[in-house]
Amino acid sequence: KNEVEQSPQNLTAQEGEFITINCSYSVGISALHWLQQHPGGGIVSLFMLSSGKKKHGRLIATINIQEKHSSLHITASHPRDSAVYICALLAQGGSEKLVFGKGTKLTVNP
Amino acid sequence: NAGVMQNPRHLVRRRGQEARLRCSPMKGHSHVYWYRQLPEEGLKFMVYLQKENIIDESGMPKERFSAEFPKEGPSILRIQQVVRGDSAAYFCASSPSRGAVTEAFFGQGTRLTVV
Numbered sequence: 001k002n003e004v005e006q007s008p009q010n011l012t013a014q015e016g017e018f019i020t021i022n023c024s025y026s027v028g029i030s031a032l033h034w035l036q037q038h039p040g041g042g043i044v045s046l047f048m049l050s051s052g053k054k055k056h057g058r059l060i061a062t063i064n065i066q067e068k069h070s071s072l073h074i075t076a077s078h079p080r081d082s083a084v085y086i087c088a089l090l091a092q093g094g095s096e097k098l099v100f101g102k103g104t105k106l107t108v109n110p
Numbered sequence: 001n002a003g004v005m006q007n008p009r010h011l012v013r014r015r016g017q018e019a020r021l022r023c024s025p026m027k028g029h030s031h032v033y034w035y036r037q038l039p040e041e042g043l044k045f046m047v048y049l050q051k052e053n054i055i056d057e058s059g060m061p062k063e064r065f066s067a068e069f070p071k072e073g074p075s076i077l078r079i080q081q082v083v084r085g086d087s088a089a090y091f092c093a094s095s096p097s098r099g100a101v102t103e104a105f106f107g108q109g110t111r112l113t114v115v
């Protein structure tokens, strides 16, 4: 079993829909990172979480440490949100090694 | 302040050749991480370097792969005698200090194709 599991693998939505992407993990962590990767492009950091909830524009990220689960929500989705969203975690113990999920490919249709 | 710069963006090599991938960190950043993204797979940590030091290379294949981050100049990921299985996107990220990997900025990646 992978340390980081994302669901769904692929997600297609209509413009304006509310999107949820889930990330479950099996190890103790010091931080969890949500990243965005556009086709053929680089990787952009969206959020870093160690507890609670963060909001930036239409994006909301939450984490439940006890349940070892994080969600990324996109409100009022737009075609420009189409990308791969990647959950990455930093295990406890001073490690500098990010462990990545396989990503969720989001397509938002107009 | 330019972001993390990787070059080349695309690299094609024949089997058996050497591939050199370069990463210039953000100004003021002295810590560099290399990651590999194989087709249809997630990103995997390869190596973590500080100027002139390899801190953690536990994700590097044992043979043919090496990395350096000299006092002057970019970090280099070197793959000798490339094989088809080395075809992947290689990403570099930089951070200002140890313990700041989640504040790291990523480059655009180098897409290596081995033919």
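First to last, the protein sequences are chains Y and G.
The first sequence begins at 1 in the numbering used here and counts up one residue at a time.
The second sequence begins at 1 in the numbering used here and counts up one residue at a time.
Where a beta carbon is used, it is the ideal one built from N, C-alpha and C, also for glycine.
Predicted model, so just to flag it, every value in this text is computed and none were measured.
According to DSSP, is G/Gly-85 helix, strand or coil? In this structure, G/Gly-85 counts as helix in the three-state DSSP scheme.
Can you tell me whether DSSP reads G/Arg-14 as helix, strand or coil? Taken through DSSP and simplified to helix, strand or coil, G/Arg-14 comes out as coil.
Can you confirm whether Y/Leu-98, when its beta carbon is compared against all beta carbons of chain G, has any partner nearer than 8 Å? It does; some Cβ of chain G falls within 8 Å.
Per DSSP, which one or two residues make a beta bridge with Y/His-33? Y/His-33 pairs with Y/Met-48, Y/Ala-88.
Do Y/Leu-98 and Y/Tyr-85 have their beta-carbon atoms positioned less than 8 Å apart in this structure? In this structure, Y/Leu-98 does not lie closer than 8 Å to Y/Tyr-85 by Cβ.
Counting only beta-carbon separations shorter than 8 Å, does Y/Lys-105 have a partner in chain G? Using a CB distance cut-off of 8 Å, Y/Lys-105 does not count as an interface residue toward chain G.
Checking 8 Å against the spacing of the C-beta atoms, do G/Pro-123 and G/Arg-22 come in under that value? The structure shown does not extend to residue 123 of chain G, since chain G is modelled only from 1 through 115, so no value can be given for it.
Mind checking which residues open and close the beta strand (DSSP E) that includes G/Glu-68? 65–68 is the extent of the beta strand (DSSP E) around G/Glu-68.
Compare the Cα-Cα distances from G/His-31 to each of G/Val-115, G/Ser-95, G/Gly-107, G/Glu-103 and report the closest residue. Taking only the C-alpha atoms, the option nearest G/His-31 is G/Ser-95.
Residue interval of the beta strand (DSSP E) (run including Y/Asn-2): Unbroken run through Y/Asn-2: none, as it is neither H nor E.
Partners in chain Y for G/Asp-56, counting only beta-carbon separations shorter than 9 Å: Listed along chain Y, the residues sitting closer than 9 Å to G/Asp-56 by beta-carbon distance are Ser-95, Glu-96, Lys-97.
Delimiting residues of the beta strand (DSSP E) encompassing Y/Ser-71: Run containing Y/Ser-71: 69–74, per the beta strand (DSSP E) assignment.
Bounding residues of the beta strand (DSSP E) (the contiguous stretch that carries G/Asp-56): Segment 53–56, the beta strand (DSSP E) holding G/Asp-56.
Residue-level contact to chain Y via CB, G/Gln-50, 8 Å cutoff: Not flagged as an interface residue toward chain Y: G/Gln-50, since no C-beta distance is shorter than 8 Å.
Have a look at G/Gly-107 and Y/Gly-16 and give me their C-alpha separation to the nearest angstrom. Distance from the CA of G/Gly-107 to the CA of Y/Gly-16, rounded to the nearest whole angstrom, comes to 30 Å.
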